[in-house]
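*Asks:*
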Ligand SMILES: [Zn+2]
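In full-length UniProt numbering, the protein residues as written are 1 to 247.
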């Protein structure tokens with residue numbers, strides 16, 4: 001990792017009045033959560049049909065069996081890593097206003113961040129497909145699939161965004177507002193290839209924000225709108241930045 005770039009990034013962080021972080025799979029990989037795409041990604045071993053909303057409605061039991069195996073049997077034990085922890089400290093020390101994330105793993109909240117906008121929803125919440133009642137996953141007994149609603153017996157669905165499903169309106173609205181407001185966007189572990197996530201960096205840049213990017217490989221932003229590109233793992237780069245900020 002280029003230390004000089006980390007130092008430059010810290011200078012921008014200290015100067016910023018409204019920093020927002022924008023995170024993706026690369027932040028959680030080191031907590032043992034596989035990304036969907038790319039090498040070692042989920043779609044190499046699992047067919048994406050299990051996360052298509054049409055399939056879920058047609059075959060909820062089959063979909064749930066796979067979803068439970070992929071998400072619920074694994075994510076519950078996952079712990080925040082150094083990158084999550086530094087972001088939580090940044091919020092506590094008022095360097096960071098909020099996080100826009102594409103992750104559904106709840107690890108930012110587990111690390112202590114309070115202002116987290118989950119563009120793709122969260123596995124922690126289940127929602128009734130009939131009456132829209134929401135439940136924390138701790139209320140559901142996943143030994144009996146598919147889990148059903150206590151009120152109407154409708155089938156419960158993880159409140160994360162499936163393929164061909166709309167992005168949650170509130171999270172999208174708040175994320176775009178944060179992207180407009182920020183003067184420094186800290187992109188970590190994402191190439192933001194899907195819409196509307198892909199628009200977040202553009203919106204920030206258009207509104208005059210500086211952009212720091214931490215990714216293992218260059219993204220479409222790295223050589224276009226990014227001001228400081230730190231090529232490194234999320235934990236490595238964030239640990240260094242945390243150190244330089246005396247967090
Ligand atoms: Zn219901």
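Glycine residues also receive a C-beta, built at the ideal position from the N, C-alpha and C atoms.
For residue 212, collect the residues of the same chain with a Cβ closer than 6 Å to its Cβ; drop the 5 residues on either side in sequence, then sort them by chain order.
*Replies:* Excluding sequence neighbours, residue 212 sits near 9, 186 and 228.
*Asks:* Could you please give the first and the last residue of the uninterrupted beta strand (DSSP E) stretch that includes residue 215?
*Replies:* Here the beta strand (DSSP E) through residue 215 covers 210 to 215.
*Asks:* Could you check if residue 178 belongs to the surroundings of ligand 1, using beta carbon to heavy atom distance under 7 Å?
*Replies:* Incorrect: residue 178 has no Cβ contact closer than 7 Å to ligand 1.
*Asks:* Does the contact criterion of 3 or more C-beta pairs under 8 Å hold for the stretch 173 to 187 versus the stretch 200 to 210?
*Replies:* In short, these stretches touch, since the Cβ pair count reaches three.
*Asks:* Given this structure, state the Cα-to-Cα distance separating residue 75 from residue 41, to the nearest angstrom.
*Replies:* Taking the straight line joining both Cα atoms gives about 15 Å.
*Asks:* Does the beta-carbon distance from residue 151 to residue 129 come in below 8 Å?
*Replies:* Not a contact, by the Cβ cut-off of 8 Å.
*Asks:* Answer yes if the stretch 20 to 37 comes into contact with the stretch 90 to 106, meaning at least three C-beta pairs across the two stretches below 8 Å, and no otherwise.
*Replies:* As far as the Cβ criterion goes, the stretch 90 to 106 touches the stretch 20 to 37, which means the pair count is three or higher.
*Asks:* Looking at ligand 1, does it come within less than 7 Å of residue 239, judged from the CB to the closest heavy atom?
*Replies:* No; taking the cut-off as 7 Å, the Cβ of residue 239 has no heavy atom of ligand 1 nearer than that.
*Asks:* Assuming contact is defined by CB atoms lying nearer than 8 Å, are residue 67 and residue 147 in contact in what I supplied?
*Replies:* No. Outside cutoff.
*Asks:* Quick one, are the C-beta atoms of residue 117 and residue 175 less than 8 Å apart?
*Replies:* It is a contact, given that the beta carbons lie within the stated cut-off.
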